[in-house]
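One structure below.
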Amino acid sequence: MTKRILIAALLVLCAAGIWAQGAKKTTISVWYHAYGEEGTKEAVERYGKLYEKANPNVSVEVVWMPGNWRQKLYTSLASKASDPDVFEESAPSYTWVKSGQVASLDDLFSKEVKADLFPSTLASVTIEGKIYGAPMFIDSTAFYYRPSIFKAAGVSVPKTFAELTEISKKLTTSKRKGLYIGNSAGAGTLGFMVAFSGTKSFISDDGKTVTFNNPGTVAAIEELRKLATSGSLLLGYPVSEWQPDALVNDECAIQFGGLWSYPQFKKELGNDMGVFMIPPVAGGRPTASAGGYSSMVNGNSDQIAEAKKWVKWAWIDSNPEVQLDFATAYGFHVPAKKSLYNKATALKNDPLTALIVDATSDYGIMKTGAGYGDSSLWDSVMNTAFTDLLSAVAKENVSVAQLVRKTAEQVQARLTEVNK
Amino acid sequence: MGSKSLKKHREYSPSTRSLKKANERSDARFFWFFTAPMLAGLLIFVVIPIGWGLVLSFFNARGTIDLKEFVGIHNYILLFREPGFVKSIITILVFGVFMVPATVIFALLLAVMIHNTVKLKGFFRTVFFLPTAFSYVVASMIWRMSIFSGMRFGLVNTFLSFFDIAPVLWTSSSPAVWLPITTVRLWLQVGFFMILYIAGIEEIPEELFEAARVDGVDRGWVLLRHITIPMVKNTTIFIVFQSIINLFRSFDEFYNILVDSVSSSNLHLARTPLIYLYQTGFIAQDYGRGSAGAMIVVLLIVLGTQLQKKFFGDGKAVRS
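The listed protein sequences correspond, in order, to chains H and X. If you count the first sequence from 1, position 18 lands on 24 in this note's numbering, and the numbers rise without skipping. If you count the second sequence from 1, position 261 lands on 361 in this note's numbering, and the numbers rise without skipping.
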């Protein structure tokens, strides 16, 4: 009896196998880094299901990568594995393009789509005239604060970076620090934006020379140091600035943070909440960070065509079900397309988010290359050198001018190397 | 012992000579049968990667692990011009000058203390050994976020506040950062080395101590200095050897104490060679330069252990 059941089961299995063979499903694996906001993972899995419904011969495998995802991704790309088919990064790198690790998506962008994208997003995915990524969204940052504390202390929103330092000092009490900008005292997004405020660029337009070794950068970094050593910064807090905890728990009066945390800030602080953008340094330009992610196709994938179809469906064609949902239903992101931003009522109708988005689209510096660069040639060796500079300035008694010069030499050596 | 006498017995009986040969053949077969998987693993996962790394270090391998453009020792020259890499080597050497002796001293002291404990010996041994089974990453996070948190409510800072000392930024300022780094490492490593020392101490013949007592020596320090320490020399040699290797392999506790969010990093305060190479090799995808750095680290390990061998011997001659 059991024997018969076994044989029957085997036959069913065989039939299923043959049927599956006949259907010839292609599986495309799509890698995401672990987004912190609740519901995001379920959302990207749902997008996969939506696509499978419309394309029954394709199955979308979502790979969610917590922790050190860059290492896994980069190793997989360099070893020319076919996996992942689709992945995300802030911007494609020059090295990837040169070594064929990323496929060109040039043919997927119509004139209308190009005109609809925020111009800086398109620039960040274009290398030597070709497009290598589909901008998914823009990530902005801002300072969050409590107007009630400002009112009680008699201070108003700072217009310059020096004013920010002054206010931060004024707001510091024995129980509460003035400002939280993360535990490295600015060696990150904020520090780069302050430096950009003092200089036109880091690398010249032709990609040959380092351009940040100038008095403007030095002066800007000096201002950052004044803030870092003012004694008014909250340091050593166990939760990073990318989560709302420090301000919400009343450990500081102002906190630097991401637009993506806006819904959480709002939920916790209610109406006692204000935002302002990074104030420019004396004589500098206003800057705002514009991060975000782009969807890219592995140049060594066995199924580039299928992968490109997915990217086109998810992030290039008009697809509010994915693009608008992702930008507004979990953490807040700015859709990469202007038309969709106009439909994003959650962002557009709130004066605070509108302020952040408008500033970001007006003068945001789109993350290009690795880290916080403004050129695709900016790689992570250069980014590490500059981060070290910012970190040293905040903690050690060093000459800023000398350090900027040394770092510029270091970055120039690397740039020459990369250009070769 | 058993096999030796068996052999002797066989040699006396000529009729078993062919049997002996067959036995040897099957011995050899068994040798290869049992060691081949290990040797194959060693070859595939250790020997070939080291060889490949050596070859790759002479090539320009940015964004690829293919051998495309031979550049000679260019990668090595670049590394030595890189202030970050040179600084990381100096950092780890200075750290080692403190760390290796500290590991040996703490492990030996704990072992001697536990050996001389009358009650609850097993309990103390287990308690001190337990951290060995702990994850470096988790331990570092506990050190960073609770014990050595820079906030006033961090454990150490709370303690300091009783003496009216202002909160110290343990994980984001130098030289304060060295306290969490060294303590977490000692906590994680010392237990294992302590077990080795306990085993070594228990091997020391009791007569030696008795003889010393007969000669009128009853101070613990003298016994430790003249009997225990010389008698566990082989264990010490092994521990120093292992500590030197661990030193150059430092990554986890440094990385997890210094990096606390995606973009904010204090790595420049205490970057180890492996963290530098991780950033160059895996993140910047410069595999040529990464491999060159790995070769330099391998060389330093070999050099360190050779120096140790020269000064302390390799532990072979002591017990014979």
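A virtual CB, placed ideally from N, CA and C, is assigned to each residue, including glycine.
Residue i, DSSP secondary structure in three states
i               : result
S365 of chain X : strand
G28 of chain H  : At G28 of chain H, the pLDDT of 49 sits below 50, so the modelled position is not reliable and the matter cannot be decided from this model.
W75 of chain H  : helix
F149 of chain H : strand
M372 of chain H : strand
D360 of chain X : coil
K344 of chain H : helix
Y138 of chain H : coil
T413 of chain H : helix
I165 of chain X : coil
Q261 of chain H : strand
H174 of chain X : helix
E124 of chain X : helix
E172 of chain H : helix
N80 of chain X  : The question about residue 80 of chain X has no answer, for chain X in this structure spans 101 to 420.
K300 of chain H : Note on identity: in this sequence residue 300 of chain H is Ser, with Lys being the wrong assignment. Three-state result, S300 of chain H: strand.
D212 of chain H : coil
W270 of chain X : coil
L185 of chain H : strand
E94 of chain H  : strand
W132 of chain X : helix
S307 of chain H : coil
Residue from the options whose Cα sits closest to the Cα of residue i
i               : options                        : result
F206 of chain X : X:V290, X:L269, X:R225, X:K121 : X:V290
S203 of chain H : H:S82, H:T293, H:Y378          : H:T293
T179 of chain H : H:P141, H:S238, H:L230         : H:S238
L241 of chain H : X:V322, X:V332, X:I339, X:N366 : X:N366
I284 of chain H : H:T46, H:E229, H:E94, H:V424   : H:E229
F159 of chain X : X:N175, X:E310, X:S249         : X:N175
T271 of chain X : X:L296, X:E303, X:R162, X:R244 : X:R244
S405 of chain H : H:A311, H:P221, H:K315, H:L353 : H:P221
Q342 of chain X : X:L296, X:R252, X:L119, X:V146 : X:L296
N355 of chain H : H:G375, H:T334, H:G370, H:K373 : H:T334
G280 of chain H : H:V163, H:R411, H:K349         : H:V163
G388 of chain X : X:K120, X:T135, X:I150         : X:I150
K5 of chain H   : H:G213, H:Q408, H:D278, H:E327 : Residue 5 of chain H is absent from the structure shown; chain H starts at 7 and stops at 426.
F124 of chain H : H:P141, H:Y80, H:S246, H:E58   : H:P141
K181 of chain H : H:A320, H:E95, H:A259          : H:A259
I322 of chain H : H:P90, H:E95, H:E58, H:F143    : H:F143
A414 of chain H : H:G184, H:K401, H:E402, H:D394 : H:D394
N63 of chain H  : H:M71, H:W70, H:G54            : H:G54
G290 of chain H : H:Y369, H:P72, H:S130, H:Y336  : H:Y369
Burial state of residue i (16 or more Cβ within 10 Å)
i               : result
D256 of chain H : exposed
G28 of chain H  : In this prediction, G28 of chain H has a pLDDT of 49, which is less than 50 and means its spatial position is unreliable; nothing more can be read from the coordinates.
M213 of chain X : exposed
M302 of chain H : buried
A288 of chain H : exposed
N304 of chain H : buried
L253 of chain H : buried
E353 of chain X : buried
Q329 of chain H : buried
F131 of chain X : exposed
F149 of chain H : buried
E44 of chain H  : exposed
R313 of chain X : exposed
E307 of chain X : exposed
G404 of chain X : buried
Residue i Cβ short of 7 Å to the ligand SAM heavy atom set
i               : result
S391 of chain X : Among the components of this structure there are no ligands whatsoever, and the ligand SAM is therefore not found.
Next on the checklist: So if I threshold CB-CB distances at 7 Å, which residues from the stretch 83-101 of chain H count as touching chain X?
Outcome noted: A84, S85, T101
Item to check | the stretch 264-279 of chain X contacting the stretch 175-184 of chain X, beta-carbon criterion three pairs below 8 Å | outcome: Cβ pair count under 8 Å is below three, so no.
Item to check | Residues from the stretch 305-331 of chain X in contact with chain H, defined by Cβ distance under 8 Å | outcome: none
Next on the checklist: Give me the subset of the stretch 232-257 of chain H whose CB atoms are less than 9 Å from a CB atom of chain X, sorted by chain position.
Outcome noted: L240, L241, G242, Y243, P244, V245, S246, E247, W248, Q249, E257
Checklist entry - Name the residues in the stretch 185-196 of chain H whose C-beta lies less than 7 Å from a C-beta of chain X; which are they? => result G188, N189, S190, A193, G194, T195
Next on the checklist: Would you call the stretch 366-376 of chain X in contact with the stretch 334-350 of chain X, where contact means no fewer than 3 C-beta pairs closer than 8 Å?
Outcome noted: yes
Item to check | Cβ pair count under 8 Å reaching 3, the stretch 134-147 of chain H against the stretch 107-124 of chain H | outcome: Flag = yes, the stretch 134-147 of chain H and the stretch 107-124 of chain H touch.
Next on the checklist: To be precise: take each residue of the stretch 52-71 of chain H, compare its Cβ to all Cβ atoms of chain X, and keep it if any distance is under 7 Å. Which residues remain?
Outcome noted: none
Checklist entry - Listed from N- to C-terminal order along the chain, which residues in the stretch 201-227 of chain X have their beta-carbon within a distance smaller than 9 Å of any beta-carbon of chain H? => result Per Cβ criterion, the list is empty.
Checklist entry - Is the stretch 382-398 of chain X in contact with the stretch 385-403 of chain H, if contact means three or more CB pairs nearer than 8 Å? => result Taking one beta carbon from each stretch, the stretch 382-398 of chain X and the stretch 385-403 of chain H have 3 or more pairs nearer than 8 Å; the two touch.
Checklist entry - With a cut-off of 8 Å, do at least 3 Cβ pairs link the stretch 327-340 of chain X to the stretch 216-231 of chain X? => result no
Checklist entry - Listed from N- to C-terminal order along the chain, which residues in the stretch 382-393 of chain X have their beta-carbon within a distance smaller than 8 Å of any beta-carbon of chain H? => result F382, I383, A384, Q385, D386, Y387
Checklist entry - For the stretch 146-174 of chain X, which residues have a CB atom closer than 8 Å to at least one CB atom of chain H, in sequence order? => result R162, G163, T164, I165
Next on the checklist: Using 8 Å as the cut-off, can you tell me whether the stretch 389-406 of chain X makes contact with the stretch 134-154 of chain X, which would need three or more C-beta pairs spanning the two stretches below that distance?
Outcome noted: yes
Item to check | Members of the stretch 171-196 of chain X that neighbour chain H once the beta carbon cut-off is set at 8 Å | outcome: Cβ contacts with chain H come from L178, R181, E182, P183, G184.
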